[in-house]
Amino acid sequence: MLFLIKKWIGGLLMPLPFSLLLLFISLLLLFFTQRQKTAKILVLCSFIILFSFSVLPNANHLVKPLERQYPDLINAHQSLDYILVLGSSGIHDQSIPITGQLSFTALSRFSEALRLYYANPNAYIVVSGSGFGDTQSHAQLLQTLAISFTIPRQRIIRLDDTKDTNQEAQQMATIIDGKKAALVTSATHMPRAMKLFKQYNQTPIPAPAMYLAKENNHKLPSYIYIPSAYQLYKSQVALHEYLGQLQAWFLR
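Just so we're aligned, residue 45 is where the sequence shown starts under the working numbering, counting upward by one.
And the structure:
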């Protein structure tokens, strides 16, 4: 129950649902009350929130501080004992290939884990994630994907009942028990994940994946200020992490 409440509150605080909630309240005020000025203010707030979080400069400003806290693991040859892959999302749909059943986030994390495994073939890959009501757990989907890339089944350790990062860190900490391990997760998620692992007295090597704030030295064109769903997604990912860090701070 607590997990569902956390998901509901966190979801409603994201820019799109929060803006729609403000817009819904403003429509109620506009059509059913005399509080026209309040309704107009809420409409304006809804517009400002959506626009602000939907343009590239603002999205990158939120994402980049999270992504650059830990460096890339460029040298994959690390004599690793374990490669820890944190869970994401997916749907078990047998009518499509396994690569289509997993989310973009999950595939990005797995591709980094695969790079590390080929450089450290004696390492065990630890995959995690429950099914959230699906017929297969997220860990099972990742195992299927790993086997399709010719990774031996005996080199894969599955954690099928982890629902969040804290549970993943807790269970993975007991597995690695001080041995050399690389932690693979999204670059935005890495700071929060590392803090949780340190709470369980483990310090794996960060191996961030799926960078969202990509920049170069070229001057950005003016059309970057056109709102886009992708930039809104980037902002949502960053806000989710900041809220997660805030929650961890309150519960420590």
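Beta carbons: idealized from backbone N, C-alpha and C, even for Gly. Since the structure is predicted, the reported quantities are computational estimates derived from the model, not experimental observations.
Run of the beta strand (DSSP E) containing residue i, from where it starts to where it stops
i, result
"L203", "I200 to L203"
"P250", "I249 to A253"
"Y168", "Y168 to S172"
Sequence-distant residues of its chain with Cβ nearer than 6 Å to residue i (five each side left out)
i, result
"M234", "Y114, P250 and P252"
Backbone CA spacing between residue i and residue j [nearest angstrom]
i, j, result
"E259", "F75", "46 Å"
"L110", "T77", "43 Å"
"G55", "N164", "38 Å"
"L287", "S90", "20 Å"
"P101", "I118", "27 Å"
"H182", "S172", "7 Å"
"A226", "M216", "11 Å"
"S147", "K81", "43 Å"
"A120", "Y161", "8 Å"
Where the alpha helix (DSSP H) containing residue i begins and where it ends
i, result
"L227", "Taken as a continuous stretch (DSSP letters only), L227 belongs to no alpha helix (DSSP H), being part of the beta strand (DSSP E) at A225 to S230."
"L128", "No alpha helix (DSSP H) holds L128; the beta strand (DSSP E) holding it covers Y126 to V129."
"Q138", "Neither: Q138 is in no alpha helix (DSSP H) and is coded neither H nor E."
"E156", "F148 to A163"
"L186", "H182 to S192"
"I195", "I195 -> no alpha helix (DSSP H), and no H or E assigned at all."
"Q17", "The structure shown does not extend to residue 17, since the chain spans only 45 to 296, so no value can be given for it."
Contacting residues, own chain, Cβ-Cβ under 8 Å from residue i (five flanking each side not counted)
i, result
"L86", "L66, L67, I69, S70 and L73"
"S42", "This structure does not reach residue 42, given that the chain is present from 45 up to 296, and the question cannot be answered."
"D137", "G144 and Q145"
Cβ of residue i within 7 Å of any chain D Cβ
i, result
"K84", "No chain D is part of this structure, which consists of one protein chain only."
Candidates the options: closest to residue i by CA position
i, options, result
"L106", "A282, Q291 and F294", "A282"
"I127", "V170, F193, A183 and P109", "V170"
"V228", "K50, F176 and L130", "L130"
"T247", "Q214, G55 and L185", "Q214"
"D208", "F294, S96 and S132", "S132"
"L267", "T77, W52, P61 and S98", "The displayed chain sequence assigns Tyr, not Leu, to residue 267. Considering only alpha carbons, the answer is S98."
"N245", "T194, I220 and Y269", "I220"
"Q187", "Q211, A103, G134 and K223", "G134"
"R159", "A190, F176 and T143", "A190"
"S96", "S279, A292 and L290", "S279"
"P196", "T218, S174 and Y168", "Y168"
"A273", "A103, Q198 and Q184", "A103"
"R112", "D125, Q184, L57 and A257", "A257"
"I142", "N166, L185 and S174", "L185"
"S123", "F241, K224 and K263", "K224"
"A237", "K263, P61, E285 and F193", "E285"
Same chain, Cβ closer than 7 Å to residue i, five either side skipped, listed in chain order
i, result
"M254", "T149, S152, R153, S230 and A231"
"A157", "I127, V129, I169 and V228"
Cβ-heavy atom distance, residue i to the ligand COA, below 6 Å
i, result
"K239", "No copy of the ligand COA appears in this structure; indeed no ligand is present at all."
Just list the alpha helix (DSSP H) runs in the stretch 52-120, keeping only unbroken ones of 4 residues or longer that don't cross its boundaries, in chain order. If we require 4 residues or more, the alpha helix (DSSP H) runs fully inside the stretch 52-120 come out as 59-76, 80-96 and 100-111.
Just list the beta strand (DSSP E) runs in the stretch 234-285, keeping only unbroken ones of 3 residues or longer that don't cross its boundaries, in chain order. The stretch 234-285 contains these whole beta strand (DSSP E) runs: 249-253.
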